[in-house]
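*Asks:* Residue numbers (the numbering used here): 4 to 235. We put the CB at the ideal spot given by N, CA and C, even for glycine.
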């Protein structure tokens with residue numbers, strides 16, 4: 004990691020196993036190949052203080068944008084299998100083949116207002132043309148790859164005088180572009196501070212506007228109440 008211009012610009016690069024917590028078991032996938040990741044972000048007018056809520060009531064607008072990328076080639080030899088649980092819930096955390104990930108994010112803070120935006124896209128190129136991620140489509144139909152990803156946008160306002168945080172979040176996700184449809188979800192919330200951020204109560208409404216056929220949920224809306232306690 005390297006910073007420039009008084010930490011307004013930060014650059015990161017890393018090489019990882021690409022298996023997450025499975026590495027703690029001492030396991031490695033049969034490909035033996037690592038995952039590469041990099042990121043660059045820029046903040047103005049000063050280095051960015053990464054807080055989801057602008058509890059400091061920032062008097063000068065503060066912005067940050069970043070781009071990131073990841074690459075892995077986990078094509079395993081014929082006759083071998085992926086490690087159990089390594090592919091994740093939707094089968095795209097690790098794939099038997101090449102995976103490219105591109106991302107963009109932005110954030111701002113000003114006078115109690117704050118916002119976050121993230122956009123990510125995965126391009127997967129499975130080794131086998133009959134891989135389940137290609138959904139039994141021909142190579143002519145798929146081009147040998149699939150796309151997944153989406154974006155999340157959230158805005159917040161901290162009304163300090165009444166010790167209340169208002170927020171709203173919208174997300175649109177597509178697990179696989181070879182399957183029609185995507186998921187769209189909206190969630191507004193109100194949180195009241197009983198004792199600053201050490202004790203809060205939050206009410207949240209969660210609505211599934213649209214869902215993808217490969218990821219159907221058993222509900223369309225939820226009402227949630229939660230309590231946050233921070234013991235020092």
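1. At the level of alpha carbons, what is the spacing between residue 44 and residue 213?
2. Measure the Cβ-Cβ separation of residue 128 and residue 176 and say whether it is below 9 Å.
3. Our contact map puts residue 97 next to residue 85 with C-beta atoms below 8 Å; I'd like the distance itself, whole angstroms only.
4. Quick check on residue 86: does DSSP put it in helix, strand or coil?
5. What would DSSP say about residue 28, mapped onto helix, strand or coil?
6. In the DSSP assignment, what are the bridge partners of residue 16?
7. May I have the straight-line CA-CA distance separating residue 120 from residue 82, to the nearest angstrom?
8. Reducing DSSP to helix, strand and coil, say where residue 187 ends up.
9. Hey, would you say residue 200 sits closer than 9 Å to residue 231, going by beta carbons?
10. Select from 134, 233, 110 the residue whose C-alpha is nearest the C-alpha of residue 99.
11. Whose C-beta lies closer than 7 Å to the C-beta of residue 225 among residues of the same chain, with five residues either side of it excluded?
12. Are residue 35 and residue 73 close, meaning C-beta to C-beta below 9 Å?
13. Can you find at least 3 beta carbon pairs, one from the segment 147-156 and one from the segment 178-185, that sit closer than 8 Å?
14. Under 8 Å, with one C-beta from each stretch per pair, do the segment 57-67 and the segment 111-118 reach the 3-pair mark?
15. Give the DSSP-derived three-state secondary structure of residue 125 in the structure shown.
16. Nearest CA to the CA of residue 91: which residue from 30, 25, 18, 38?
17. In chain order, what residues of the same chain lie with their CB nearer than 8 Å to the CB of residue 54, ignoring the 5 residues before and after it?
18. Measuring only the C-alpha atoms, how far is residue 29 from residue 69?
19. Should residue 24 be listed as close to the ligand NAD, given that the test is whether its C-beta is under 8 Å from any heavy atom?
20. Rounded to a whole number of angstroms, what is the C-alpha to C-alpha distance between residue 235 and residue 10?
21. Can you tell which of 76, 8, 56, 78 has its C-alpha closest to the C-alpha of residue 245?
*Replies:* From the atom records:
1. The residue you call residue 44 lines up with position 41 of the chain shown. The residue you call residue 213 lines up with position 210 of the chain shown. Spanning the two alpha carbons is a distance of roughly 33 Å.
2. As a first step, residue 128 is located in the chain shown; it is residue number 125 there, counting from the start. As a first step, residue 176 is located in the chain shown; it is residue number 173 there, counting from the start. No, the Cβ-Cβ distance between residue 128 and residue 176 is not below 9 Å.
3. Residue mapping note: residue 97 aligns to position 94 of the chain shown, counting from 1. Residue mapping note: residue 85 aligns to position 82 of the chain shown, counting from 1. Yes, residue 97 and residue 85 are in contact; Cβ-Cβ is about 7 Å, under 8 Å.
4. For this step, residue 86 is matched to residue 83 along the chain shown. Looking at residue 86 - three-state DSSP - the assignment turns out to be coil, as it is neither helix nor strand.
5. What you label residue 28 is simply residue 25 of the chain shown in a count that begins at 1. Here residue 28 sits in helix by DSSP.
6. Stepping through the chain shown from its first residue, residue 16 is reached at position 13. Answer is 41, bridged to residue 16.
7. Locating residue 120 in the chain shown gives position 117, counting from the first residue. Locating residue 82 in the chain shown gives position 79, counting from the first residue. The alpha-carbon atoms of residue 120 and residue 82 are separated by roughly 42 Å.
8. Against the chain shown, residue 187 aligns to sequence position 184. Of the three classes helix, strand and coil, the one that applies to residue 187 here is strand, per DSSP.
9. Locating residue 200 in the chain shown gives position 197, counting from the first residue. Locating residue 231 in the chain shown gives position 228, counting from the first residue. Cβ atoms of residue 200 and residue 231: closer than 9 Å.
10. The residue labelled residue 99 in the question sits at position 96 within the chain shown. Nearest C-alpha to residue 99: 134.
11. Locating residue 225 in the chain shown gives position 222, where the first residue counts as 1. Closer than 7 Å at the Cβ level, and outside the excluded window around residue 225, lie 209.
12. For this step, residue 35 is matched to residue 32 along the chain shown. For this step, residue 73 is matched to residue 70 along the chain shown. Cβ distance not < 9 Å, so residue 35 and residue 73 don't count as in contact.
13. yes
14. yes
15. In the chain shown, the residue the question calls residue 125 occupies position 122. In the structure shown, residue 125 sits in a strand (DSSP, three-state: E or B).
16. What you label residue 91 is simply residue 88 of the chain shown in a count that begins at 1. That would be 25, whose Cα lies nearest to the Cα of residue 91.
17. In the chain shown, the residue the question calls residue 54 occupies position 51. Excluding positions up to five away in sequence, the list reads 112, 117.
18. Counting from one through the chain shown, the residue named residue 29 turns up at place 26. Counting from one through the chain shown, the residue named residue 69 turns up at place 66. Between residue 29 and residue 69, the C-alpha separation is close to 33 Å.
19. As presented, the structure is devoid of all ligands, the ligand NAD included, so that no description of it is given.
20. Residue 235 sits at position 232 when you count from the first residue of the chain shown. Residue 10 sits at position 7 when you count from the first residue of the chain shown. Straight-line Cα distance between these residues: approximately 30 Å.
21. Within the shown structure, residues of the chain are numbered from 4 to 235, placing residue 245 beyond reach of any answer.
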